[in-house]
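Below is one structure, written out as structure tokens; comments come after it.
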Amino acid sequence: MKKFLWPLLVFPLFLSAQKSPFNSEAVFPARHTYSTGDTLRIMTWNVEHLVDELDDPYVNNGRENNGEIKPEKMKLLAEALKMAEADVIVFEEAESANVVEALRDSFFPDLGYQYVADTRSRNWYQNVVILSKLPIGKMISYGNVHTPVVFEEDGESKYQTQNYINTRMWTCELLVDSTYGLYLSGAHLKAGGGSRNEAMRMGQLRYWQKEMELLLKADPEADIILLGDLNSYRNGNEIKMLLEDARPLVKLQDPIAAEVNSHPADAPSHRLDYILYNQNLADQIVPKSAQVLTPFSPAEMRTISDHLPLVLDLIVH
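Our numbering applies: residue 90 is where the sequence shown begins, and numbers increase by one.
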């Protein structure tokens, strides 16, 4: 009897599986029950060197095992995340999904961030990590892609290529329910001023734009969000390129006023952090929901990070 009972028990569970809105052969986890309700809150935060003291022998970087996670930082971070009530968080400057998962279990285990993922670099200690109360589908890494670096230096035109920073840029499917999902692209672009660093960022963003153009050709109704530390000023060429793109569906919108700043955390004087979305999402954005959060004093915010977090709400039902 036992040989026949097992298939009978599993069969109804298989029939009731909730399918992914992106691919009907993928399903929601069997025990997934979380629902966002009518709105979804997305958050991004550069959490500044969220690195533990354990040495990963395969990451050859001197700061990878510095142990820069201090108790006071984690206590404030956990409280800020609780207050923010985000459904999805994208961290920049986190060591890895493994480290974030361990910190979640130690400092904020009850907030519901069941799903954690990254596209980790093999040799760099800072990565872009997503924590989500909603399932994550396919995740595309750009880490093996070489992008051009074209710039002027000392009166000469320079042409280089790079792929070592492109690990800090990915796109994933976010599964809201069986009828709706959206694409999130997390990014932590090259830091620094000067023509070469700007050229690196421009190369990264042009590649991402082309990827989104190809995605939108396959799915013209795709909802797309680019978020993270873009290391670009609001009036810089990088953001201008994103907001003024001639391709209507690829062109992005910034819901936060140009004069609002996010860095440094204790005395913000410029913005480096963004949550940008394409035209397909425009009518789903909750008015005035996009903001830079400052739940604590400037000194306490600086204890957590040198960046301030951003949030955005969108209507999903």
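Note that the Cβ used here is the ideal one computed from N, Cα and C, for glycine as well. If you're wondering where the values come from, they're calculated on a predicted model, not measured in any experiment.
Take residue i and list the residues in its own chain whose beta-carbon comes closer than 6 Å to its own, dropping the five residues that flank it on each side.
{"i": "residue 280", "result": "320"}
{"i": "residue 227", "result": "262"}
{"i": "residue 286", "result": "279"}
{"i": "residue 387", "result": "355"}
{"i": "residue 109", "result": "115, 226 and 264"}
Taking Cβ to Cβ, would you say residue i is nearer than 8 Å to residue j?
{"i": "residue 213", "j": "residue 180", "result": "no"}
{"i": "residue 393", "j": "residue 170", "result": "no"}
{"i": "residue 396", "j": "residue 190", "result": "no"}
{"i": "residue 237", "j": "residue 292", "result": "yes"}
{"i": "residue 77", "j": "residue 125", "result": "This structure does not reach residue 77, given that the chain is present from 90 up to 406, and the question cannot be answered."}
{"i": "residue 317", "j": "residue 217", "result": "yes"}
{"i": "residue 186", "j": "residue 132", "result": "no"}
{"i": "residue 241", "j": "residue 284", "result": "yes"}
Can you list, in chain order, the residues of its chain with a C-beta nearer than 8 Å to that of residue i? Leave out the 5 residues immediately preceding and following it.
{"i": "residue 106", "result": "116, 117 and 119"}
{"i": "residue 289", "result": "236, 238, 251, 254, 278 and 279"}
{"i": "residue 373", "result": "312, 403, 404 and 405"}
{"i": "residue 139", "result": "157, 158, 180, 182, 183, 184, 188, 189 and 192"}
{"i": "residue 144", "result": "153 and 154"}
{"i": "residue 244", "result": "none"}
{"i": "residue 127", "result": "404, 405 and 406"}
Since residue i sits in a beta bridge, which residues does DSSP pair it with?
{"i": "residue 131", "result": "177 and 401"}
{"i": "residue 276", "result": "258 and 317"}
{"i": "residue 165", "result": "Partner(s): none; residue 165 has no beta bridge."}
{"i": "residue 237", "result": "250"}
{"i": "residue 158", "result": "Answer by DSSP bridge pairing: none, since residue 158 is not bridged."}
{"i": "residue 263", "result": "225 and 271"}
{"i": "residue 245", "result": "242"}
{"i": "residue 206", "result": "219"}
{"i": "residue 362", "result": "318"}
Who are the Cβ neighbours of residue i in its own chain at under 7 Å, not counting the five residues just before and after it?
{"i": "residue 100", "result": "The predicted model places residue 100 with a pLDDT of 46, which falls under 50 and marks its position as unreliable; any figure quoted below should be read in that light. Closer than 7 Å at the Cβ level, and outside the excluded window around residue 100, lies no residue."}
{"i": "residue 294", "result": "327, 330 and 331"}
{"i": "residue 168", "result": "none"}
{"i": "residue 383", "result": "390 and 397"}
{"i": "residue 194", "result": "none"}
Does the beta-carbon of residue i have 16 or more other beta-carbons within 10 angstroms, so that it is buried, or is it exposed?
{"i": "residue 342", "result": "exposed"}
{"i": "residue 246", "result": "exposed"}
{"i": "residue 268", "result": "exposed"}
{"i": "residue 474", "result": "Summary: the structure shown does not reach residue 474, with the chain confined to residues 90 through 406, and so no result is reported for it."}
{"i": "residue 147", "result": "exposed"}
{"i": "residue 359", "result": "exposed"}
{"i": "residue 366", "result": "buried"}
Compute the beta-carbon to beta-carbon distance between residue i and residue j, rounded to the nearest angstrom, for a pair I have assumed lies under 8 Å.
{"i": "residue 260", "j": "residue 229", "result": "5 Å"}
{"i": "residue 369", "j": "residue 338", "result": "7 Å"}
{"i": "residue 362", "j": "residue 399", "result": "5 Å"}
{"i": "residue 178", "j": "residue 220", "result": "5 Å"}
{"i": "residue 314", "j": "residue 264", "result": "With a Cβ gap of about 14 Å, residue 314 and residue 264 do not count as contacting."}
{"i": "residue 379", "j": "residue 345", "result": "5 Å"}
{"i": "residue 276", "j": "residue 258", "result": "5 Å"}
{"i": "residue 296", "j": "residue 231", "result": "7 Å"}
{"i": "residue 334", "j": "residue 298", "result": "7 Å"}
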